[in-house]
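For the sequence shown, the working numbering assigns the number 7 to the initial residue and increments by one for each residue that follows.
Don't be surprised by glycine CBs; every beta carbon is placed ideally from N, CA and C.
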Amino acid sequence: MKINYPERIPMANTPTPIQKLETLSRELGIEFYAKRDDMTGMELSGNKVRKLEFLMAEAMQKGADTVVTCGGVQSNHCRATAAACVKLGLKCHLILRTRTPKPPYDGNHLLDYLFGADFTYMDKPEYYEKEEGGFEEVLEGIRAKGGKPFYIPVGGSVAMGSWGYVKAFEEITGQLDAMGIKKAHLVVSTGSGGTHSGLILGRALTKRTEFRITGVIVCDDIEYFQGQNRKILGDAVKLFNLPPEIEHEKIDLIDGYIGPGYALPYPELMETIKMAALKEAIILDPVYTGKAFHGLIMEIRKGKFPKESPVVFIHTGGAFGLFPQKDVFEF
Ligand SMILES: Cc1ncc(COP(=O)(O)O)c(C=O)c1O
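Next comes the structure, spelled out in structure tokens:
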């Protein structure tokens, strides 16, 4: 089936490669691959750029001059949005959730500064309260100065952003077809649901049910993400006039690897990050990909993944988030 995509501004270096993880395949007794979406770019690295291709096109169509988005202080999505704004000649305003009134600039936040973004910092309670209202006060402030803001909710995880991973799903299945792999289990980190829902949407639109898709959650809980993913799918059905049954697609999630909380590390996670670097020269971050990869390895070891079906870990980037947590490593 030919998919009718909304307008898109190409920014990602695609197709990204699918590489076999030879050592881990041998050790785990399963065909194990990584889809290297950490290689979509440098400044625009990771999964976020695929969503931004569609969201930035919408911002431009609507005549915006400032893109406003939000997230944790080390948000990859915020950094990627700031970089995309530079490329497209737009202003960027980031609303960042912080633990300290003026957070140090390191990792992604250093890059936010380099890309010339403006900031509003909020502590957790204020951030979540204002997020409910779509940060209308911040948008109003920009309008009052004559600006035209376009707001992207957290992670770009809305129906428009999810098209990025519909496209990625087509890319992945095309590559696996060419490799002679007839079915596979795709596994991804789930932090705000847009990547996972986009993949589910892609599978539904292409009817490639031989591909299983599982999200390993890195915050909140399974109930929250069932609701969040269902909402993105439902919005996509309504906004883009898609077959209504898509809203009821199965959403597979794995919990148990968040540790003490969102973005907080734990010893077994850091060991897995070291192990992936040592055995496969793959860099994972402690917030998203590290937790998802750790969860995946543990579940494979527990026998939860049938050995006859290859596993493809979708590496969604996040390397800049590793550096602010360097002191957690023990060498
Ligand atoms: C590196 C990285 N991987 C995975 C995710 C999760 O993707 P999503 O927010 O679409 O669930 C994010 C962002 O939340 C991310 O920055």
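Leaving out the 5 sequence neighbours to the left and right, which residues in its chain are closer than 6 Å to residue i when beta-carbon positions are compared?
i: Asp3; result: Limits of the chain in this structure are 7 at one end and 337 at the other, which puts residue 3 out of reach.
i: Ala298; result: Ser195 and Val222
i: Leu290; result: Ile279, Ala282, Gly296 and Phe299
Go ahead and label residue i buried or exposed: buried means 16 or more other beta carbons lie within 10 angstroms of its beta carbon, across all protein chains shown.
i: Gln232; result: exposed
i: Thr106; result: exposed
i: Arg209; result: buried
i: Asn114; result: buried
i: Thr75; result: buried
i: Gly167; result: buried
i: Pro352; result: Because the chain here runs from 7 to 337, residue 352 falls outside it and cannot be looked at.
Under 7 Å Cβ to Cβ from residue i, same chain only, skipping five residues before and after it: list those, please.
i: Ile264; result: Ile223, Val224, Cys225 and Lys297
i: Gly162; result: Lys54, Lys57, Leu58, Leu61, His83 and Gly200
Would you list the residues sitting across from residue i in a DSSP beta bridge?
i: Ala70; result: None, per the DSSP bridge assignment.
i: Val193; result: Thr220 and Phe319
i: Phe246; result: DSSP, once it has assigned bridges, lists no residue as partnering Phe246.
i: Gly78; result: Arg103
i: Phe156; result: Val73
Excluding five sequence neighbours on each side, which residues of the same chain lie with their C-beta closer than 8 Å to the C-beta of residue i?
i: Ala88; result: Cys98, Leu100, Leu117, Asp118, Phe121, Gly122 and Ala123
i: Leu275; result: Tyr263, Gly265, Pro292, Gly296, Lys297 and His300
i: Thr46; result: Ala18, Asn19, Thr20, Thr22, Gly52, Asn53, Val55, Arg56 and Gly323
Which value, in whole angstroms, describes the spacing of the CA atoms of residue i and residue j?
i: Phe38; j: Ser31; result: 5 Å
i: Tyr272; j: Val144; result: 35 Å
i: Ile288; j: Val172; result: 25 Å
i: Ser51; j: Ala18; result: 8 Å
i: Pro159; j: Gly140; result: 8 Å
i: Glu253; j: Thr215; result: 15 Å
i: Phe217; j: Lys310; result: 16 Å
i: Gly147; j: Tyr11; result: 33 Å
i: Ala165; j: Pro330; result: 31 Å
i: Ala3; j: Glu142; result: In the structure as shown, the chain starts at 7 and stops at 337, and residue 3 therefore has no counterpart that could be examined.
Within 8 Å of any Cβ in chain C, is that where the Cβ of residue i sits?
i: Pro131; result: Protein chain content of the structure displayed is limited to a single chain, and chain C is not contained in it.
Measuring CB to CB, does residue i end up less than 8 Å from residue j?
i: Val318; j: Lys41; result: yes
i: Glu154; j: Thr29; result: Looking at the sequence itself, residue 154 is Lys, so the reference to Glu does not match. Contact: no.
i: Leu205; j: Ile187; result: no
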